[in-house]
C-alpha cells in the first residue's frame with residue numbers, strides 16, 4: 011500500500027519468536043492489519059449490543075455505530091505503532107534485516123529506552139494528526155489524547171501522557187522512522203475505509219476500546235496463527251487484510267469466545283427442577299418485564315441499565331430467581347451471557363456445577379462457561395490433564411528495560427482451553443467464580459481494562475451480597491459504579507443484607523448511570539422481604555414485587571424456628587463446658603432414633619476438638635457417623651469431604667439414619683444442606699440466620715414429593731431448632747481463642763437481642779429483616795454511656811469499619827465519570843500486578859504443602875513414601891503440578907513470619923510460577939510415626955482425619 015501516507019517498509023518487524031528464521035520476522039504492518047481485522051469481528055460477534063452502544067456514545071457517534079466500529083478497529087491497528095522505535099533493535103537478527111533507509115536514520119534511538127507501548131503513546135499525536143484527527147473542546151476527553159492513552163495501555167497498564175517536545179522525537183528515530191509510523195498507520199486507515207475520526211472519547215468508552223485492543227492483540231499473537239500467516243505465500247496488504255477478516259471467525263471460535271444464543275426452556279427444564287417456580291421466581295418472570303423500561307434508543311442513545319436486589323431466606327431458590335431475572339434483563343438491556351459471583355472458592359465450585367447444567371440445557375456444549383478463581387483449574391469438574399505443549403501468545407519480544415520494570419514473558423495456552431488462562435476466564439459468555447476476580451477490575455492492577463470489558467457485556471449477578479466486609483463493600487460499590495456507566499444489569503442476592511449496605515450499593519450504581527449525588531441524598535431503596543426491588547438506571551424509579559406474590563412466597567415455605575440460647579464456658583469440663591453441652595444436646599441423635607445434626611464452630615481448632623469429642627461418643631456407628639469439614643484440609647480432600655456432606659444432607663439423599671456434621675463457616679453459604687437440628691457457636695446474627703438456613707431446608711419439598719427413602723424426621727425433631735452456644739450468657743467474655751474472627755460488638759448485640767426474645771420463636775421469613783437491622787443496621791443510639799464495655803466494643807467496631815472503608819477508597823480506581831486521565835486507573839506505582847493487590851483486607855495467605863521427610867533423606871507427598879516429589883530428576887508435567895497443588899492448604903502467612911527459609915520448596919521448583927511460591931512443611935517420620943513441625947511457637951502437623959492441626 012502506498013499513496014497519501016507513503017509506502018510501507020516491510021522490513022519493520024512485529025513478531026519473531028518461534029518463526030522460521032529463513033523467512034525472517036513477521037512484518038509489523040501485517041500484525042497491525044491482523045489486529046484490526048479481528049477487532050472488527052469482535053465488534054460484530056463478541057461485543058454485546060450494550061457494549062457497542064456504550065462505545066459509540068463514548069466516541070461521540072451514538073447515531074453511527076459503523077463509524078465507531080471502524081475506529082475501535084483503528085485503535086487495534088495502531089496498538090503496536092510504537093514498535094517503530096528502539097524496539098526494532100531488541101532482536102539482533104530481526105534488526106539486521108531493517109532496510110538501509112531505516113538503518114541510516116536512527117536518530118537518537120537508544121539514548122532513552124522505553125517500552126514500545128509508551129513510544130507509541132508519545133508518537134500518537136503526530137500520526138493521528140496526519141490521519142485527520144483533531145481534539146475537541148475538552149482537553150481531558152480529546153480524541154488524540156485518549157487514543158494515545160489506549161495505545162499506551164495495550165499491555166494492560168495505562169501511562170500518564172506527557173508528550174515529547176518536538177525536538178526530542180528523534181529519540182524514536184529520525185524522519186524516515188517517523189514517516190514509517192505514518193505509513194503503517196495509513197495502511198490500516200486505508201484498509202478500514204478512512205473512517206472519520208472522533209473529536210472526543212469519554213473515559214469509560216476508552217477503557218472498553220482498550221479491552222478490545224488487548225483481546226485482539228492476544229488472539230492474533232498466538233504462535234500458530236502468526237506462523238501460519240508468515241509461511242503463507244506473500245500477498246498484497248489489501249489481500250492480507252481480507253484474509254485476516256475471513257479467518258477471524260475461526261480464530262475467535264477456537265478461543266471459545268464466539269457467543270451462542272440460548273434456547274430458553276421452561277422453568278423445570280431449564281433448571282432441572284421438578285415442579286413449578288415458587289412465587290418469588292414466578293413474580294420475576296411475570297412482573298419484572300414491565301419494570302424494565304424500554305428506554306429511548308433512537309439515534310443510538312444507550313440504555314442505562316438497572317439494578318435488582320433479591321431478598322429471601324436461605325433455601326428459597328434465589329439462584330434460580332437470579333437466572334430468571336437475567337433472562338428478562340439481558341433481553342431488554344442488550345447483554346449477552348452472565349457472570350455469577352460468590353464469596354468463596356468452595357461456594358463457587360458448588361455453583362459451577364449447578365450453572366453448568368443450566369447452560370448446557372439451554373445452550374448446548376458449544377457455550378463458553380468458565381470457573382474463575384485462583385484455584386479453579388484444580389476443580390475436578392473443570393480441570394483436564396492435557397499433555398504439555400500447545401499454543402503460546404507472543405505478548406512481546408525481548409526485554410526492553412522499560413519504566414514498567416519486569417520483563418515480559420510469553421504466556422502458555424492450550425488449544426480449546428484459551429479461556430482458562432490467567433485473566434481470560436471472565437471473557438467467556440458465561441462465568442462462575444469468586445467476586446474477587448471481578449473486584450480486580452476496579453483495583454489499579456494490570457489488565458483491569460480487560461476485566462471491565464469482560465464484565466460489561468454480561469448480566470452481573472452477586473450472590474451472598476451480605477458476606478463482604480466494609481473494605482470489599484467499597485470495592486464492590488465502585489465496580490457497580492462502572493457497571494452502571496456501561497448500562498449493565500446487576501442482580502444482588504442476599505438473605506441478610508442490612509438496608510444501609512444495600513442503599514450504598516444501589517446509589518453507587520445510580521451515580522454510574524448519571525444520577526447526581528444530590529438527587530440520591532435522602533432516598534432509601536428498601537426491598538420487601540422476601541421479595542425483590544428493581545431500580546431503573548435511567549430514571550431511578552423503583553419497582554417492587556407485588557404484595558400478592560410476596561404473601562404467596564411467605565406462605566410457600568414458612569418456618570417457626572425455635573432459637574435456644576445455651577450458656578457455655580469454653581475450656582471447662584463441667585456442666586456448662588462447651589463440649590459437655592454439645593454432647594448433651596446431641597443425645598437424641600446419638601441415641602437409638604438417630605437423626606441428622608449440624609454443629610457449626612467459629613474456629614478450625616474448636617471444630618477439630620468437637621469432632622474428636624463426638625467421634626469418641628459414636629465409635630461403633632460407622633466411619634461416616636461423624637463428619638468434619640473445614641478449610642484446612644488439602645484441596646482434593648476438602649472437595650471429597652464437601653461432596654460427602656452435601657450428598658448425605660442434600661435434598662435427594664440417600665439420607666443417613668444418623669449423621670453429625672461438624673463444620674466451620676464453610677457451610678454458611680451456598681451449600682444445600684438440611685439438618686434436623688443446627689447447633690452453632692455464637693456469631694453475628696446475620697450469620698446465625700445463614701447457619702439456621704441449613705435447618706429443615708427441604709421440609710416443604712419433602713412434604714410435597716416425599717422424603718428420601720421415605721424416611722421421615724425423627725420424633726424428637728418436631729420443629730426446626732437452632733441452638734446457640736453463648737459464652738456471654740454464662741457471664742464470660744468473648745473467648746480469647748476466637749481472636750478477631752467476629753467483632754465483639756456484634757456478638758454482644760446478637761446475644762442481647764436473642765436472649766431478650768426468650769422462648770418466642772423466630773418467624774421466617776417475616777422476622778428476618780427486622781432482626782438484621784436491629785443488630786447490623788446503622789443507628790445513632792449504639793453508644794451507651796452507662797455500659798462502658800458495650801460502648802468500647804462499639805467504638806472499636808465502628809473504628810475498624812471506618813478504617814477499612816478508608817483503605818478501600820485509597821486503593822480503588824476513580825468513579826467512571828470522574829476519570830481525568832486513564833493513568834488514574836493505575837495510580838499506585840509498583841502495585842499493578844494482580845498478586846500485589848488485595849481484594850480482601852487481612853488476606854495475606856500462603857499455600858502450604860504438607861510433605862513427609864523420611865530417615866533416608868527423601869521427601870515424599872505421602873507418609874508411606876510411595877509418592878516422591880515430582881520434577882526432582884526430570885521435567886514437571888502439568889499433571890504433576892496439579893497433583894502437588896491439589897494437596898496444598900491456604901494458611902495465614904503470619905504463621906511463618908521470619909521462618910520462611912527452612913520451609914522453602916526444593917530448588918527444582920523454585921522458578922516454577924506456581925510451585926515456587928509454596929511453603930513446604932516437611933514432617934519428619936521416625937519408626938512409622940509422623941511428628942509435628944515447630945513453627946512460630948506452635949506445632950503443625952497434617953492429620954488424615956482432622957486436617958492441618960496447629961497447637
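Residue numbers (the numbering used here): 11 to 961.
The beta carbon of each residue, even a glycine, is placed where N, CA and C say it ideally should be.
Keep in mind that this is a model prediction, so the values were computed, not measured.
| Three-state class that DSSP yields for residue 902 in the structure shown | strand
| field | CA nearest to the CA of residue 905, picked from 949, 936, 920 and 686 | value | 949
| query | Should residue 735 and residue 801 be called a contact, given that it needs their Cβ atoms to be closer than 8 Å? | reply | no
| Opposing strand residues paired with residue 114 [DSSP bridges] | In the DSSP output, where bridge partners are listed per residue, residue 114 has none listed.
| request: Keeping to the same chain, check which residues put their C-beta closer than 7 Å to that of residue 920; ignore five residues upstream and five downstream. | output: 926
| Under the three-state DSSP convention, the category residue 690 falls into | strand
| In the structure shown, what three-state DSSP assignment does residue 471 receive? | strand
| When DSSP labels each residue in this structure, what does residue 569 get in the three-state scheme? | strand
| CB-CB length for residue 331 against residue 539, believed under 8 Å | Residue 331 to residue 539, Cβ: 14 Å. No contact.
| field | Residues that DSSP places opposite residue 348 in a beta bridge | value | 440 and 469
| task | Output the boundary residues of the beta strand (DSSP E) element that contains residue 504. | result | 500–504
| said: Once the 5 residues before and after residue 338 are set aside, which same chain residues still bring their CB inside 8 Å of it? | reply: 294, 295, 298, 299 and 302
| said: Is there a C-beta anywhere in chain C that falls below 8 Å from the one on residue 788? | reply: This model lacks chain C altogether; it includes just one protein chain.
| For residue 90 versus residue 187, is the C-beta spacing smaller than 8 Å? | no
| query | Do residue 44 and residue 190 have their C-beta atoms within less than 8 Å of each other? | reply | no
| field | Coil, strand or helix - residue 372 by DSSP | value | helix
| query | On the three-state DSSP scale, how would you describe residue 119? | reply | coil
| query | Roughly how many angstroms lie between the CA atoms of residue 509 and residue 554, to the nearest whole one? | reply | 15 Å
| In whole angstroms, what is the alpha-carbon distance linking residue 159 and residue 834? | 11 Å
| query | From residue 266 to residue 617, what distance separates their C-alpha atoms? | reply | 43 Å
| said: To the nearest angstrom, how far is the alpha carbon of residue 523 from that of residue 552? | reply: 15 Å
| Given residue 788, which residues of its chain have a CB within under 6 Å of its CB, disregarding the five upstream and five downstream residues? | 510
| field | Pairwise C-alpha distance: residue 366 and residue 567 | value | 27 Å
| Closest Cα partner of residue 319 within the set 519, 708 and 687 | 519
| request: Determine the extent of the alpha helix (DSSP H) in which residue 599 is found, giving its start and end residues. | output: 597–600
| message | Mapping the DSSP letters down to three states, classify residue 672 as helix, strand or coil. | response | strand
| message | For residue 705, tell me which candidate among 316, 235 and 323 has the shortest Cα-Cα distance. | response | 323
| query | Which runs of the beta strand (DSSP E) fall wholly inside the region 681–739 and span at least 3 residues, in chain order? | reply | 687–691 and 731–736
| field | Per DSSP, cross-strand counterpart(s) of residue 36 | value | 25
| request: Starting from the Cα of residue 895, find the closest Cα among 456, 384, 598 and 944 and give me that residue. | output: 384
| field | Reference residue 671, options 658, 333, 679 and 662, closest by Cα | value | 658
| What are the boundary residues of the alpha helix (DSSP H) that includes residue 520? | 509–523
| query | DSSP state of residue 246, grouped into three classes? | reply | coil
| As assigned by DSSP and simplified to three states, the class of residue 776 | coil
| What residues in its chain sit with their C-beta under 7 Å from that of residue 822, if we drop five residues either side in the sequence? | 452, 453, 484, 485 and 488
| field | residue 563 in three-state terms, based on DSSP | value | helix
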